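S.K.: Pasting a structure here, questions to come.
2 protein chains.
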Amino acid sequence: MYSIGDLSRRTGVKVPTIRYYEQMGLLEAPERSEGNQRRFAKAELERLAFIRHARDLGLTINSIRQLIDLSGHADRPCADADRIAKEQLASVRERIAKLQKLEEELERIATCCTGETVGDCYVIRALSDHSLCGHEH
Amino acid sequence: MYSIGDLSRRTGVKVPTIRYYEQMGLLEAPERSEGNQRRFAKAELERLAFIRHARDLGLTINSIRQLIDLSGHADRPCADADRIAKEQLASVRERIAKLQKLEEELERIATCCTGETVGDCYVIRALSDHSLCGHEH
DNA sequence: CCTAATTGCTCTAGTGACTAGAGGTTCAAG
DNA sequence: CTTGAACCTCTAGTCACTAGAGCAATTAGG
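Protein chains in written order, with numbering that gives the first Met the number 0: chain A, 0 to 136; chain B, 0 to 136.
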């Protein structure tokens with residue numbers, strides 16, 4: 000039996016966040032001590048590690064809830080789990096592509112500033128004048 | 000003089016978002032018609048385009064406010080503007096690096112699922128068992 | 001000039017995934 | 001038995017919007 004603090008130390012998930020996950024239905028309401036404090040079993044530790052991992056991978060609370068529901072039915076086809084992972088992958092790739100465009104543009108903006116005062120600062124001019132951009136966005 | 004809808008159409012910023020920016024102090028409170036509707040001058044159109052551009056580049060409202068304050072003092076050294084742009088560039092690069100790690104891992108997870116049912120689904124096992132990961136995170 | 005459709009107004013509340021704080025209770029070590 | 005850390009619940013705040021209610025003003029057509 001782990002206290003909420005134990006769980007937090009073992010998974011790296013902060014204490015209020017664990018309570019939040021419980022509230023959101025990702026963790027089931029655990030047993031309580033006589034004094035009403037949470038006491039978690041090993042299964043809950045593992046589930047929290049799962050949640051942590053999935054969050055690190057950028058899955059939303061909702062996606063994680065779906066996966067947890069899924070994993071409760073070991074007999075179902077895993078196409079859904081596969082789909083969630085693939086969707087996540089697609090969204091990550093999209094975000095990367097978008098950020099790389101920004102990187103390019105910021106690079107140009109941030110390295111070309113030769114002015115001495117704000118009046119002729121390239122950063123501010125570039126932000127004001129879209130036409131200085133390398134490409135559309 | 001532009002109505003809020005004109006401004007919205009010209010900049011691509013939604014009407015409620017324009018009001019939100021005003022509330023946040025990014026746009027100054029504009030003149031009003033006799034019937035209390037906002038009437039924007041050209042300067043405000045330009046400022047909104049600036050804001051839009053900066054938001055597209057991922058700058059926070061706070062950073063944008065700083066840049067706007069800065070641009071009001073054309074005589075100041077532009078080191079601050081430069082710093083904001085560089086910080087933004089660094090944060091974008093960080094985000095890209097992080098996402099690329101996720102991409103790698105999701106790729107592995109999403110493409111290796113050969114199981115037919117959730118019981119032996121690689122996606123769910125990989126999320127449960129951190130040790131299946133290619134690298135630390 | 002009148003009417004209807006569109007656009008505008010303010011205000012409140014909701015989103016996601018937490019985080020912070022108040023004000024109180026329980027637990028474990030010494 | 002005391003003390004201080006850890007725990008409890010509840011509310012509110014974060015960021016950058018978005019949605020909706022319930023009205024008022026504007027504009028285009030007839």
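Quick reminder that beta carbons are idealized off the backbone N, C-alpha and C, glycines included. Please read these numbers as outputs of a predicted model, since none were measured by experiment.
Apart from the five residues on each side of it in sequence, which residues of its chain come closer than 7 Å, Cβ to Cβ, to B:S32?
M.R.: Correct list, in chain order: R38.
S.K.: Who does A:R38 pair with in a DSSP beta bridge?
M.R.: Paired residue(s): A:E30.
S.K.: Which residues in the same chain have their Cβ closer than 8 Å to the Cβ of A:E135, if we skip the five residues on either side of it in sequence?
M.R.: Residue confidence for A:E135 is low, a pLDDT of 48 falling below 50, so the modelled location carries little weight; the figure read from the coordinates is stated next. Counting only Cβ-Cβ distances below 8 Å, and skipping sequence neighbours, we find nothing.
S.K.: Does any CB atom of chain A fall closer than 8 Å to the CB of B:G24?
M.R.: No, its Cβ sits nowhere closer than 8 Å to a Cβ of chain A.
S.K.: Flag B:H136 as yes if its beta-carbon sits less than 8 Å from any beta-carbon of chain A, otherwise no.
M.R.: Interpretation of B:H136 is limited by its pLDDT of 48, a score under 50 that renders its predicted location unreliable; the figure taken from the coordinates is listed afterwards. Output row for B:H136: interface = yes.
S.K.: Since A:L26 contacts A:E43 with CB under 8 Å, what's their CB separation in whole angstroms?
M.R.: Indeed, because the Cβ distance is near 6 Å, the residues count as touching under 8 Å.
S.K.: Ignoring anything shorter than 4 residues, give me the alpha helix (DSSP H) runs that lie fully in the stretch 36 to 93 of chain B, in order along the chain.
M.R.: Correct list: 41 to 55 and 60 to 70.
S.K.: Assign B:A28 to one of two classes, buried (16 or more other C-beta atoms within 10 Å of its C-beta) or exposed (fewer than that).
M.R.: The residue in question, B:A28, is exposed, as its Cβ has fewer than 16 Cβ neighbours within 10 Å.
S.K.: What span of residues does the alpha helix (DSSP H) with A:S7 cover, start to end?
M.R.: That run of the alpha helix (DSSP H) goes I3 to T10.
S.K.: Distance, Cα to Cα, B:A40 vs B:C77?
M.R.: Cα-Cα distance, rounded: 27 Å.
S.K.: With DSSP collapsed to three states, give me the class of B:L25.
M.R.: B:L25 falls in the coil class under three-state DSSP.
S.K.: Go ahead and pull the three-state DSSP assignment for A:K100.
M.R.: Here A:K100 sits in helix by DSSP.
S.K.: Can you check whether the CB of A:E102 is closer than 8 Å to the CB of B:L101?
M.R.: Taking 8 Å as the Cβ cut-off, B:L101 and A:E102 do not qualify as a contacting pair.
S.K.: Which of the three DSSP states, helix, strand or coil, is assigned to A:Y19?
M.R.: Here A:Y19 sits in helix by DSSP.
S.K.: Could one say the Cβ of A:G11 lies closer than 8 Å to chain B's Cβ atoms, at least one of them?
M.R.: Chain B contact via Cβ: absent.
S.K.: Please list the partners that B:R8 has in chain A, where partner means a Cβ-to-Cβ separation under 8 Å.
M.R.: Those do not exist, as B:R8 stays about 16 Å from chain A at its closest Cβ, beyond 8 Å.
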